[in-house]
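In what follows, a single structure is set out as structure tokens and then discussed.
In the working numbering, the protein residues as written are 973 to 1213.
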């Protein structure tokens, strides 16, 4: 049976950054907003944890509309089941509680791991490399080294030249304790998004967003999110790919 899939001509965020370089804070704020809309829908409406948010699994078109893709390891959460605390995913983007859930008690927020992964993703498209594999960190890092780093060392931080709002936004995503980590709906109201997206002098993404999760076969899920931009926003910017 043929399956018709939407064409995301810019490919993944990973490929976009490799081809065009890192993104500005303005564009990252727009990307973050679209992803957060999708995650809020997944977490609160469908009770689904994606488990593998990373640049390679976020597809983009030439208007910077973002689709959450690859649901191969996602989980439909049954909060009454202990199995809801068992996860897989890409090690470099996994949250501390996904390595050691017992350290955070019985009231573990199983959705918070996606927010951690988002924080690392946004850092990566800003600095140009995976935060846990920065040049100043240990070379030839093993998977055990990485797990120890995630669980017991300080969370990665943005360089000093990043704005204070952006740095705080990332700190909210990379809070070690999942119960204190901000949720998607809270991050949508963070000053980093509000201030960057209200700045009419900076280039912005298009007027409408379809931050729609797609399943592992590329089909859209039910999220069809249209975001109306403020009338103050007079400029558009297409990313060249």
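Glycine included, C-beta positions come from ideal geometry on N, C-alpha and C.
Scanning its chain for C-beta atoms nearer than 8 Å, with the 5 sequence neighbours on each side dropped, one finds around residue 1063 the residues 1115, 1118, 1119, in chain order. Here residue 977 is exposed. Its C-beta has fewer than 16 other C-beta atoms within 10 Å.
Residue 1168 is a Cβ neighbour of residue 1001, given a cutoff of 8 Å. Secondary structure at residue 1038: strand, using DSSP grouped into helix, strand and coil. For residue 1032, the uninterrupted beta strand (DSSP E) run begins and ends at 1030 to 1032, by DSSP. Ranked by Cα distance from residue 1140, the first of 1097, 1165, 1041 is 1165. Ranked by Cα distance from residue 1014, the options 1061, 1086, 1004 are led by 1086. For residue 1154, no alpha helix (DSSP H) encloses it, and the DSSP letter there is neither H nor E. Residue 1124 counts as exposed, since fewer than 16 other C-beta atoms from the protein chains shown sit within 10 angstroms of its C-beta.
Your pair residue 1128 and residue 1103 checks out as a contact, with CB atoms roughly 4 Å apart and the cut at 8 Å. For residue 1093, the enclosing alpha helix (DSSP H) has its first and last residue at 1084 to 1099.
Rounded to whole angstroms, the separation of the alpha carbons of residue 1158 and residue 1131 is 24 Å.
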